Amino acid sequence: MIPELGHYALMLALGLALIQGIMPIVGTRTNDPVLMSIAAPAALAQFVFVAIAFMALAECYVASDFSVLNVYENSNSAMPLIYRLTSIWGNHEGSMMLWVSILAFFGALVALFGTNLPVTLKANALAVQAWIAVAFELFILITSNPFLRVADAPFEGRDLNPILQDPGLAFHPPMLYLGYVGFSIAFAFAIAALIEGRIDAAWARWVRPWVLGAWMCLTLGIAGGSYWAYYELGWGGFWFWDPVENASLMPWLAGTALLHSAVVMEKRGALKVWTILLAIIAFSLSLIGTFLVRSGVLTSVHAFATDPTRGIFILAILVIFIGGALALYAWRAPLLKQGGLFAPISREGALVFNNLFLTSACATVFVGTLYPLVLEALTGGETKISVGPPFFNATFGPLFIPLMLAMSFGPLLGWKRGDIVSAAQRLLAAAVLAAVAVAAAFAIEHGGPVLAPFGVGIAVFVMAGAVTDIAERTMILRLPMRATIMRAIGLPRSVWGTAFAHFGIGVTLLGIVAVTAWGSERIVAVKPGETVDISHYRLTFDGVFNRPGPNYRDVVGHFTVRRASGDVIGAMEPSRRTFPARNMATTEAALMSRGFSQLYLSLGDPNPDGSIPVRLFFKPQVLMIWLGAIIMFFGGGLSLSDRRLRVGAPRPAKAKDKPTPALQAAE
Amino acid sequence: MKYLQALMLLVALFAPTRLWAVEPGEMLSDPVLEARARALSKELRCMVCQNESIDDSGAPLAHDLRVLVRDRIKSGDSDAQVLDFLVARYGEFVLLKPRLSWHTVALWGLPPAVLLVGAVVILMDIRRRRSGQTGAEQADLTAAEEARLAELLRDRSAT
C-alpha cells in the first residue's frame, strides 16, 4: 500500500509540475496575473507530493519491506536504522528521488520566500524550475521507479554495498545534491531573465544567496566525500581525480566563479551577460555530473551502450536543457545591456582574473574527465586512453597558483580603479610572513619535493592576506583597541565571510602541500610483538581478535602507540570487516590524530606464517584539508547572514522614492 | 578483445576483493629503486579497475604489473624504458598521463587555449570599453549611485 501511495504521489507531483511549468509562462506572455500567481502554490503543492513520495520510500526502508525491489536490493533488516535510511540514496533510483525532492524543496523555498521578487521574474523562474522537475520525475517514473514490487517477497534484503555503510555517506550525498540542485535556482533565474530580455543588478542580489547556499553545501559535500574516501578506502588518499569526484568539482569551480562574478554584477552592474552564462554553466555541469555518475557511462562506454534506456534519457535531458539554455542565451543575451566601466587594476579586474582562471581550471577538469569517453566513442572503441591524477596535477596546479597569489590582492583593491602599489604595500607583512614560512619549511623538513616549501609559502600568503584585509579595515594597531573592536563589529558580515573563505582556502592548501610532500609510509608484515617505526612514533603489534557487529564481523588488530621516548600515547585498532550478506570485505583503517596530523593504519589479509601486512602512514597536517573546507563553509554562512542579503532587494515600500527597478512587472 | 576486457572486469568485480595495494613481499630492498617503482606505479593504470593506478589498486592484475615494473627496474631499465615497454605491451591505455600525440592534442591544448582565448577576449573588451569611454558615459550614474548622491546632498543641506 505505502509504495503504491508513493508512486501515485510522484505521478501527482508530475502533474503539478506540468501545471507549474506551463501556466505561469502563459501568464507572463498574456499579462494575466491570475495565471502567473499559480506558480507559487503549484510549487508548494508539488513539493508536498514529492515529499510524500520520498517519505513513502523511506518508510519502505525503515520497515524493511522487501517486497519492494529497491529495498530488497539495497537494504537488510540487520542494518542499523541510520544505514537503512542512508540506503535510500545509496542506489540509483533512491538517489534520483533525493535529487527530485531537493529540487522541489528549493522550488518551495522560492515560492515561500520570494515575496519581494518582481511578479514576472518569479513566475518565469518557478516555471523553468518546474521543467527540470518534469524531466526528472518522468525519468524516475519511466526508467528508475523505486516503488516496483517483487512478486514473491523475499525474507531478507541483499544489503547495502558495505563501503557505503558509513556515517560519512549519511551526509555526503545529501550535501552534494543540495549543492548541485541549488544551482538550479540560479539557472532558473538566468533563463527567466533571458526570457524577459531584461536584467539588472538586483537580479544578482536575488540570486546570490541561493548560489552562496549551494556553494556552501557543495563545499562541505565534496570535503565530506574526500574524507570518506580517505578513511574508508584504506590507502589514505584524499583526492583521486576520479571522474565521480571531478563531476562534483566542476560545478564547484563554476559556482565559485559565479559567486564572484555575481558580486561584480550586484555592486557595479557589470559582467551581467557573463554572470548569466556562468549560472547556466554551473547547473549544466551539475546535470553532467549527475549524468556521469548515474548513467553507467563511467564504468564502460559499452555498459552504457548495452543498457541505454537510462543513459539515453539523461542524455536527452542534458541536450534539451543545456542546449536549449545556451541557444536561448545566444539569442537573447545581446539584448541585455552591459554596464559598469572599470579599469583593469580594480576590484572588478581582480574578480575577472579570478573568473578567467577558475573557468580555465574548470575547462581542464571537464576535458580531462570527458576526453577518454569522447575519444573512445568517436573512434568506435579503437583508441582508448586514460586520463588520471598525473595529468590533472600537471595542468590544474599551474592554473590554481596564480589564482592563489591574486586572491589576497582582490579584496584590497578599490572598485572601479584600484591601486596595485598600495595593495602590495599593505600585503608586505603577509609576504614577509610567507617568506619566513618558506625558509622555515626548508630548515625543518629535509627531503620531499624542492617546490614544497614554496607551496607552504603560497598557503601562508593566502591566509595572511585574508587576515590583512580585516586588519586594514579595522585599522588594528593604528587605532586604540576599543576603536578597532568597534570597527570589527561594524564590518559587514560579507567582508568577514570573504576573509574566512579565503583563509580556509589557505588552510586547505597548506594541508595538501604538507601531506603530499612530507607524508611518510611504511608497508610491512608484522608478527605479534614486533614493532614498526614511523616519524616520531613506534607501534607495537599486540595481536588479533574477533569482534562481532550488527551485520558484519570484524577481525581487529591491536597496536600500542608509543612516542620515540617510549611513553604510551594510545592504541590503534584497524580491522578487516566482512559482510556475510554480500560476501564482501572492507578495510576499516584506524586513525590517531596528533594535532592536525594523523597516524593512519590499515590491515591486509593475514599471511599463512601468522604475520599480517600493515600499511602505516604518517599524514602531516592532513586534517587541515577538511578543516579549511569547514572554514570556507563558515565564511559562506557569515556572508549569507549579511543584512544586505537577508533584507533582500528593493522592497515595494522603498520603491516609491527610488526609480522603478527595471525588472518590475510591466503592467 | 572486448570480450576479454569484459571478462576481466567481471572477474575483478566478483573475485573476493583483496583491498590491498602494494604488498610487503613485492617491494624492492633498494630504497632508491623502490621509490622509483612507486613513482612509476602512480603513473600506470590498473586496466581492470575504475580509474585506479596500480599503486592504489588491490586487483591481481595490478599486483602483476607492479612486479613487472620492479623486474624491469631491477634489470636496469630507465623510467622511460619501463613506460615504453608497458605501452608496447598494453597500449596507451596504461598511461594515466597520456602522451602528446595527434589524438591527445585537444586534451593537452584545451586548458592553455581556454586561458589564452579568455585573456584575449577580456583585453579586447577592456580596450573597446576604454575607447568608447566618453565624458557623457562617465557622467551616467547608476540608479544606486544617483540615490546615494541625492542622500549626500540632502545630508549637506540639513546641516
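Chains as they are written, first to last, in the numbering used here: chain L, 85 to 751; chain U, 3 to 161. Glycine included, each C-beta is placed from N, C-alpha and C at the ideal position. For clarity, every value in this text was computed on a predicted model and none was experimentally measured.
- A distance below 7 Å separates the beta carbons of Gly-305/L and His-256/L.
- Within chain L, no C-beta atom comes nearer than 7 Å to that of Asp-73/U; the closest sits roughly 19 Å away.
- For the stretch 143 to 226 of chain L, the full-length alpha helix (DSSP H) segments reaching 4 residues or more read 153 to 158, 165 to 170 and 176 to 197 along the chain.
- Annotation: Val-520/L to Gly-433/L spans about 30 Å, alpha carbon to alpha carbon.
- The three-state reading of DSSP puts Lys-76/U in helix, counting H, G and I together.
- Shown here, Phe-584/L sits in a helix according to DSSP, grouped into three states.
- Exclusion of the five residues before and after Ser-345/L leaves Leu-355, Trp-358, Thr-359, Leu-362, Leu-435 and Asn-439 as the residues of its chain whose Cβ lies within less than 7 Å of its Cβ.
- In the three-state scheme derived from DSSP, where H, G and I count as helix and E and B as strand, Ile-283/L is classed as coil.
- DSSP places Tyr-684/L within a strand segment (E or B) once states are collapsed to three.
- The secondary-structure analysis by DSSP pairs Asn-630/L across a beta bridge with Val-639/L.
- The beta carbon of Phe-133/L sits closer than 6 Å to those of Ala-93, Leu-96 and Ala-97, all from its chain and outside the five residues before and after it, given in chain order.
- Here the alpha carbons of Arg-38/U and Asp-66/U stand approximately 17 Å from one another.
- Taking the beta carbon of Arg-131/U as reference, the chain L residues within 8 Å of it are Leu-425, listed in sequence order.
- The distance from the Cβ of Gly-588/L to that of Ile-715/L is about 3 Å, consistent with a contact at the 8 Å cut-off.
- For Asp-81/U, same chain residues with a beta-carbon under 7 Å away, outside a window of 5 residues either side, are Arg-38 and Leu-42 in chain order.
- Between Val-218/L and Leu-102/L, the C-beta gap is smaller than 7 Å, which places the two residues in contact.
- From the listed residues Gln-130/L, Tyr-167/L and Phe-717/L, the smallest Cα separation to Gly-581/L is found for Phe-717/L.
- Each residue's CA atom was taken as its position, placing Thr-479/L and Ala-445/L some 8 Å apart.
- Between Ser-310/L and the set Val-203/L, Ile-186/L, Tyr-145/L and Trp-325/L, the nearest pair of CA atoms involves Trp-325/L.
- Closest by C-alpha distance to Thr-558/L, out of Ala-572/L, Phe-322/L and Ala-400/L, is Ala-572/L.
- 7 Å or more divides the Cβ of Ala-655/L from the Cβ of Thr-671/L.
- Assignment of Leu-575/L by DSSP, reduced to helix, strand and coil, places it in the coil class.
- Of all alpha-carbon atoms in Ala-142/L, Ile-607/L, Ala-307/L and Ala-409/L, the one lying nearest the alpha-carbon of Ile-275/L is that of Ala-409/L.
- Taken through DSSP and simplified to helix, strand or coil, Asp-250/L comes out as coil.
- In this structure, Arg-501/L lies near Ser-430/L, with their beta-carbon atoms less than 7 Å apart.
- Residues of chain L whose Cβ lies closer than 8 Å to the Cβ of Phe-95/U are, in chain order, Lys-468, Ile-469 and Ser-470.
- Listed by position along chain L, the residues whose Cβ is nearer than 7 Å to that of Val-24/U are Ile-607.
- Within the stretch 319 to 335 of chain L, the residues whose Cβ lies closer than 9 Å to any Cβ of chain U are, in chain order, Trp-319, Gly-321, Phe-324, Trp-325, Asp-326, Pro-327 and Val-328.
- Within the DSSP bridge table, the entry for Ile-696/L names Val-610/L as partners.
- Rounded to whole angstroms, Ala-209/L and Tyr-167/L show a C-alpha spacing of 36 Å.
- Distance from Gly-241/L to Asn-160/L at the Cβ level is roughly 4 Å; contact confirmed, criterion being Cβ atoms closer than 8 Å.
- Straight-line measurement puts the Cα of Asn-229/L at about 9 Å from the Cα of Asn-154/L.
- Restricted to the stretch 19 to 107 of chain U, the alpha helix (DSSP H) segments that are unbroken, complete and at least 4 residues in length are 33 to 43, 62 to 76 and 81 to 92, listed in chain order.
- When the five nearest sequence neighbours on each side are left out, the beta carbons in the same chain lying within less than 7 Å of the beta carbon of Gly-694/L are those of Lys-611, in order along the chain.
- Between the beta-carbon of Leu-593/L and that of Met-488/L there is about 7 Å, and that keeps the pair under the 8 Å contact cut.
- Relative to Thr-467/L, the option among Asp-73/U, His-105/U, Gln-52/U and Ile-56/U whose CA is nearest is His-105/U.
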